[in-house]
Structure formats: C-alpha cells, structure tokens
Amino acid sequence: MAVENIDIRLEYRENMGKNKSKQLRNEGYLPAVFYGPDYKEAVPVKVSVDEILPHIQS
Numbered sequence: 001m002a003v004e005n006i007d008i009r010l011e012y013r014e015n016m017g018k019n020k021s022k023q024l025r026n027e028g029y030l031p032a033v034f035y036g037p038d039y040k041e042a043v044p045v046k047v048s049v050d051e052i053l054p055h056i057q058s
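For the sequence shown, the UniProt record's numbering gives the first residue as 1, with consecutive numbering after it.
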C-alpha cells in the first residue's frame, strides 16, 4: 500500500464549543485541531467537508 501526500486547506476558527461546532457542521465544515512540533499549543481549525471527504472515503 503506497502512501500519498495530500494538501488540505485549514482555516483558523475562533469560536469553540458544542453549539459553534454544530453550526460549523451545518455550514459544511468539520471542526478540527491541528498539532505539530513547531506549535506550542493546539490550533483550532475548520476544514471543508467537500475538500476532505474524497480523501477519507478512499
């Protein structure tokens, strides 16, 4: 099985919480959290469902 790199555009999100996450989903986004070695803290982000869905279904 080959590993493939993909580029996914993440957008920073300021509003967090159950209601805001539900609102994001209704708008076609998935709430997510970005972690990395160059970041001291987790970064709250959102990603478009249309952009990520083809990659997680394959």
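All C-beta atoms in this analysis are idealised placements derived from N, C-alpha and C, irrespective of residue type, glycine included.
Every value quoted in this text rests on a predicted model; they were computed, and no experiment measured them.
Residue i versus residue j: straight-line alpha-carbon distance, rounded
{"i": "Leu24", "j": "Tyr12", "result": "12 Å"}
{"i": "Glu14", "j": "Glu4", "result": "31 Å"}
{"i": "Val47", "j": "Pro31", "result": "7 Å"}
Distance CB(residue i)-CB(residue j) smaller than 9 Å
{"i": "Val43", "j": "Tyr29", "result": "no"}
Whole-number beta carbon distance between residue j and residue i, since they are thought to touch under 8 Å
{"i": "Ile8", "j": "Ile52", "result": "6 Å"}
Below-9 Å beta-carbon distance, residue i vs any chain D residue
{"i": "Asp38", "result": "Absent here is chain D; the protein component of the structure consists of one chain."}
Every unbroken beta strand (DSSP E) within the UniProt domain "Large ribosomal subunit protein bL25 L25" (10 to 52), with a cutoff of 3 residues, ordered by chain: Runs found: 29 to 34 and 43 to 48.
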